[in-house]
Amino acid sequence: MSVTFAAMRKTAATFLLLFYIFGATDASQLLKLPLLVQHFITHRQENPSISFIAFMQLHYQDKTVIDKDFQEDMQLPFKTHETDCCLSMSMATVVPSPIEIRMNAIKEPEITHTLFNVDIPLLLSSPSIFQPPRI
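Residue numbers (the numbering used here): 21 to 155.
#1: Measuring only between beta-carbons, confirm whether residue 37 sits less than 9 Å from chain D.
#2: Between the alpha carbons of residue 43 and residue 99, how many angstroms are there, rounded?
#3: Among 60, 88, 65 and 126, which residue has its Cα nearest to the Cα of residue 75?
#4: If we ignore side chains and look at the alpha-carbon of each, how far apart do residue 106 and residue 92 end up?
#5: Please identify the residue among 38, 29 and 57 whose C-alpha is closest to the C-alpha of residue 47.
#6: Where residue 89 and residue 77 are concerned, what is the direct C-alpha to C-alpha distance, given to the nearest angstrom?
#7: Helix, strand or coil for residue 133 per DSSP?
#8: Tell me the residue span of the alpha helix (DSSP H) that contains residue 51.
Listed below in structure tokens is the structure:
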């Protein structure tokens, strides 16, 4: 059975993505879900009438009560934030101030063009030095 290069690349990419997600976020808390199920079963054995919603409300919504199973309660997912195993990433955001751009009207200089090759009527032309003799 041969493994193709594309399959190896896909497996490596998936592994690196999961490694990053579990290291940089609190997704590693999802690995504690079996503890949540086991703790719910323990509570269910003590009080058979407790529902899963009531269990979640007791452990996550109500105030934290220090009782005989406090250490087990603190091991439930998303009860504590483990800073020693996760990367801490912070980002400073700067709100930009509005930029106002003013454009001054540019006056283009008036340019006069002198045209030399214009047909000028002969009557308006200046007399030439060389003229035929007059009688």
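Note that the Cβ used here is the ideal one computed from N, Cα and C, for glycine as well.
By the coordinates alone:
#1: The structure shown contains no chain D; it holds only a single protein chain.
#2: On the sequence shown, residue 43 is found 23 positions in, with the first residue counted as 1. On the sequence shown, residue 99 is found 79 positions in, with the first residue counted as 1. If you draw a straight line from the Cα of residue 43 to the Cα of residue 99, it is about 18 Å long.
#3: As a working note, residue 75 is residue 55 in the sequence shown. Nearest C-alpha to residue 75: 60.
#4: In the sequence shown, residue 106 corresponds to position 86, counting from 1. In the sequence shown, residue 92 corresponds to position 72, counting from 1. Legend: pLDDT at residue 106 = 47, less than 50; position of this residue unreliable, no value from coordinates given.
#5: Position 27 of the sequence shown, counted from the start, is the residue given in the question as residue 47. Of 38, 29 and 57, the residue nearest in Cα terms is 38.
#6: Working through the sequence shown from its first residue, we reach residue 89 at position 69. Working through the sequence shown from its first residue, we reach residue 77 at position 57. Spanning the two alpha carbons is a distance of roughly 16 Å.
#7: Here residue 133 refers to the residue found at position 113 of the sequence shown. Residue 133: coil per DSSP, three-state reduction.
#8: Position 31 of the sequence shown, counting from 1, holds the residue named residue 51. Looking at the DSSP string, residue 51 is not in any alpha helix (DSSP H), and its letter there is neither H nor E.
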